[in-house]
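Visitor: Shown below is the structure under consideration.
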Amino acid sequence: MHRMDRIRHIIAVALGIFMMISPAPLALAAIHSPLPVTWAMQAGVQAADGVFAAAFLPNTITIDAGDTVSFSGVGQAIYIPPQGKLAPPPWTSSLHALGGDVYDGVHAVASGILTTAPYHLTFVKPGTYVCFDPLHPGMEGVVIVQPTRTPYPTDASSYNAVAAHEAEVDIAAGEQALAKTRAEVVDNANGTLTYVEDVDLPDGEGVQTPLQPLGKSSAQGRVTLTPRLDASVANGTAYSIAVSLTGLEAGGQYVGELRYASVTGPLVPGISTLHATADSRGRVDLQGVVRSAGVPQGVWEYVVENANMQPVAACSITAPAYAYAGCAPKSLTIHVGDTVVWKEVGVHGIHAVAYEASNTAGSTSMLMVPTASGSHAFDGAGSASSNVLTSNTGYSLTFDAAGVYHFASPIDSVYHVAMTVTVLPARNRISVIAGDLSTTMPVQKIGKALFVPLQSAIGWMNVIGVSSRMNGLNVVIHTPFRGAIAHQVPIDGMAHFIVNGTLLGNAFVETANDPDVGGQAPYVCVNDLVNILNEIGVHTSFDGSIWSAPPASAQTTT
């Protein structure tokens, strides 16, 4: 299926609820209903690849007092503050339901985390109300409530089409961002590597929108929003606002405001008021900041008013809004001694990174409020967790043990950060394993073969029950093996393997640095060792990174 067709299919399935719960389609010629109507808003929608449309769909809906909105989602939360108190809520406000199923504009309401059942909320007081999802900062929607029996501006099927388009824009933008992600790899002074993983997806570089004149005004210009760091915002981001206008009255006083849904809607919280005087040519520049976790899709309106509070120019401020339920990339293969840094790069998600020994691929912890635990040196035992990550902050672990480790976000059990880190033995080392015993030893690639220190190999042979000692380049082995051994001729400059007094074979020797002893030492080919041990009934194998042997108790004696 073509990518855009697949996106449309996902959205159509997710948003099909519009047509299922809405009343019979309202006639476009007279869009009204004598009875209360149940409308629908989808709190985002997620594609199969984890890209999430972080917007209320549709972004804005107009209903009548007494009507109900059915909010649907899985893993999202709805929070509507009292009218006039529009500060975005902390993400922890998503954990519990609040205020019942009727919203009067006076008391806050919250759905708790949505699962399979929609959250039905009846609006009883006219006004313009802002919906937040605390789990996705910057995700905002607007419900405009008209007086009872006021004709509706549109019907459910039209909202359905708008919502589908909005979601398509978000997911397409998110998938473009996902396609560009790559793990950053940094060389460390000690020869290890640091991998920087993106948590979530980076937002766009900003928004620039042309201003349109209102009424008889000749004003023209543009509004530019540029992201910036701000520690006072929940996820550490804010936006600088720069407005340039021409065609104004020379010497006139002007103010720029950011409002919800329309030029008369509620003021967006966290914005510094923008005032300026037009110069002699009717030009004005307005500068300010809005402290917001992200630019929400389709709900902000920028308006410029004159000294008489009359709007002279306005524009909708919107951008694709997306998040990502995972890390990019979703899996890493590293080596012992390497470090992984998880860096929060998104603005529309609340994430943490956690490991528990019981995790499996795709699992999440049931812990809802992450608390930093464990050290930054990670051996795979117990648990490790970050705090909540804010924009451009990170969490790091240095891996001290080979293995496969699954990480997840403890914040929610549906849309979660999930990735797998496969840790191989340290670079220039191989793993040696016998039953429950394991260690590593240095390795050097010489020609096309892999060589290990002869002394390390002898030590490991003793561990697996092959009594061995080194005498110069002679390796003396005593074993209960009773099979026939064909005597070989010793070759100068090679290692001689003598089993129960008989020379079993010779092996090439190369001299190289042994980091475990801090000097030059003889190295022998691993495959030669495998062949010699197999000759005396100790059946080992080597796959290029792991030298496996049976435990001492399993060695053959015949």
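By my numbering, the letter at position 100 of the sequence shown is numbered 559, and the numbering carries on one by one without gaps.
From the three backbone atoms N, C-alpha and C, an ideal C-beta is built for every residue, glycine too.
Keep in mind it's a predicted model, so treat the numbers as computed, not measured.
(1) Using CA atoms only, rank isn't needed, just tell me which of 498, 648, 840, 632 is closest to residue 581.
(2) Do three or more CB pairs link the stretch 778-792 to the stretch 621-637 at distances below 8 Å?
(3) So the beta strand (DSSP E) residue 972 belongs to, where does it begin and stop?
(4) Looking only at C-alpha atoms, which of 661, 565, 720 sits nearest to residue 851?
(5) Report, in whole angstroms, the separation of the C-beta atoms of residue 735 and residue 706, which I expect to be a contact under 8 Å.
(6) Give every residue of the same chain whose Cβ lies closer than 6 Å to the Cβ of residue 905, excluding the five residues on either side of it in the sequence, and list them in chain order.
(7) Provide the residue(s) that pair with residue 687 in DSSP beta bridges, ordered along the chain.
(8) Hey, how far is the Cα of residue 529 from the Cα of residue 500?
(9) Please go through the stretch 515-591 and give each complete beta strand (DSSP E) segment of 3 or more residues, from N-terminal end onward.
(10) Please report the Cβ distance between residue 902 and residue 910, rounded to the nearest whole angstrom; I am assuming they are in contact, meaning their Cβ atoms lie under 8 Å.
(11) Spatial neighbours of residue 555 within its chain, please: C-beta separation below 6 Å, excluding the five flanking residues on both sides.
(12) Under three-state DSSP, which class holds residue 850?
(13) If we count the other Cβ atoms within 10 Å of its Cβ and call it buried at 16 or more, is residue 744 buried or exposed?
(14) What does DSSP give as the partner residues of residue 679 in its beta bridges?
(15) By alpha-carbon positions, which one of 998, 979, 757, 974 ends up nearest to residue 589?
(16) Examine the Cβ distances between the stretch 602-621 and the stretch 520-528 and report whether three or more of them are shorter than 8 Å.
(17) Please report the straight-line C-alpha distance between residue 685 and residue 746, rounded to a whole angstrom.
(18) Going along the chain, which residues of its own chain have a beta-carbon closer than 8 Å to the beta-carbon of residue 990, five neighbours each way excluded?
(19) Please report how far the alpha carbon of residue 791 lies from the alpha carbon of residue 893, in whole angstroms.
(20) Tell me the residue span of the beta strand (DSSP E) that contains residue 600.
(21) For the alpha helix (DSSP H) containing residue 624, list its first residue and its last residue.
(22) What are the boundary residues of the beta strand (DSSP E) that includes residue 793?
(23) I'd like the span of the beta strand (DSSP E) that includes residue 926, first residue to last.
(24) Looking only at its chain, what residues have a beta carbon closer than 6 Å to the beta carbon of residue 724, apart from the 5 residues adjacent to it on each side?
(25) Do residue 680 and residue 765 count as a contact pair if the criterion is CB distance below 7 Å?
(26) Give the straight-line distance between the Cα atoms of residue 934 and residue 795, rounded to the nearest whole angstrom.
(27) Roughly how many angstroms separate the alpha carbons of residue 858 and residue 927, rounded to a whole number?
(28) Taking the alpha-carbon of residue 853 as reference, which of 616, 958, 974, 786 has the nearest alpha-carbon?
(29) Mapping the DSSP letters down to three states, classify residue 988 as helix, strand or coil.
(30) How is the beta strand (DSSP E) around residue 743 delimited, first residue to last?
(31) Using the C-alpha atoms, what's the distance from residue 915 back to residue 962?
(32) Per the DSSP calculation, residue 768 is bridged to which residue(s)?
(33) Which term fits residue 951, buried or exposed, when burial requires 16 or more other beta carbons within 10 angstroms of its beta carbon?
(34) What does the alpha-carbon distance come out to for the pair residue 868 and residue 810?
(35) Can you list, in chain order, the residues of its chain whose CB lies under 7 Å from that of residue 720, leaving out five sequence neighbours each side?
(36) For residue 938, count neighbouring C-beta atoms within 10 Å of its own C-beta (all shown protein chains included) and say buried if the count is 16 or more, exposed if not.
Guide: According to the structure shown:
(1) 498
(2) yes
(3) Residues 968-973.
(4) 661
(5) Actually they are not in contact, since the Cβ atoms of residue 735 and residue 706 sit about 14 Å apart, beyond 8 Å.
(6) 969
(7) 697
(8) 6 Å
(9) Restricting attention to beta strand (DSSP E) runs no shorter than 3 residues, the stretch 515-591 encloses them at 519-523, 527-531, 536-539, 568-572, 578-582, 586-591, ordered along the chain.
(10) Contact between residue 902 and residue 910 holds: CB atoms are separated by about 7 Å, below the 8 Å threshold.
(11) 571
(12) coil
(13) exposed
(14) 705
(15) 757
(16) yes
(17) 12 Å
(18) 964
(19) 26 Å
(20) 599-605
(21) 615-638
(22) 790-794
(23) 926-930
(24) So the qualifying residues of the chain are 587, 718.
(25) no
(26) 31 Å
(27) 33 Å
(28) 786
(29) Residue state, collapsed to three classes: helix.
(30) For residue 743, the enclosing beta strand (DSSP E) stretches over residues 743-749.
(31) 21 Å
(32) For residue 768, which the question treats as bridged, DSSP gives no partner whatsoever.
(33) exposed
(34) 6 Å
(35) 519, 587, 601, 603, 758, 760
(36) buried
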